[in-house]
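Numbering (this note's numbering), first residue to last: 412 to 477.
Just so it is clear, CB atoms sit at the ideal spot from N, CA and C, and this is done for glycine as well.
On a predicted model such as this, the values are computed, not experimentally measured, just so you know.
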């Protein structure tokens, strides 16, 4: 199993989203402060989600004024 990865912008915070590749090739996503709940998706769907995030399609869902 691969190690969980998180953004370097989180520093030492335990309130962040982590992701890794599962043994079956899936992408697994969890919140670091509630690690027992894991969402699994395909690499293709994950790539499409990341592309949308990079394009700003989800900016309306959070406050990014920091």
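Measuring only the C-alpha atoms, how far is residue i from residue j?
i: residue 450; j: residue 439; result: 6 Å
i: residue 434; j: residue 470; result: 31 Å
i: residue 466; j: residue 446; result: 28 Å
i: residue 453; j: residue 421; result: 25 Å
i: residue 473; j: residue 464; result: 12 Å
Compare the C-alpha of residue i against each of the options and name the closest.
i: residue 416; options: 424, 423, 428; result: 428
i: residue 458; options: 471, 437, 421; result: 437
i: residue 413; options: 423, 419, 422, 432; result: 432
For residue i, I'd like the list of residues in its chain whose CB is within less than 7 Å of its CB, leaving aside the five on either flank, ordered along the chain.
i: residue 425; result: 443, 444
Just to check my reading of the structure: residue i and residue j have Cβ atoms closer than 8 Å, yes? What is that Cβ distance to the nearest angstrom?
i: residue 441; j: residue 448; result: 6 Å
Counting only the same chain and skipping the five closest in sequence on each side, list residues whose C-beta sits under 6 Å from that of residue i.
i: residue 461; result: none
Next item on the list: Mind listing, in chain order, the continuous alpha helix (DSSP H) runs of no fewer than 4 residues lying wholly within the segment 433–473?
Entry: Qualifying alpha helix (DSSP H) stretches, in chain order: 454–465.
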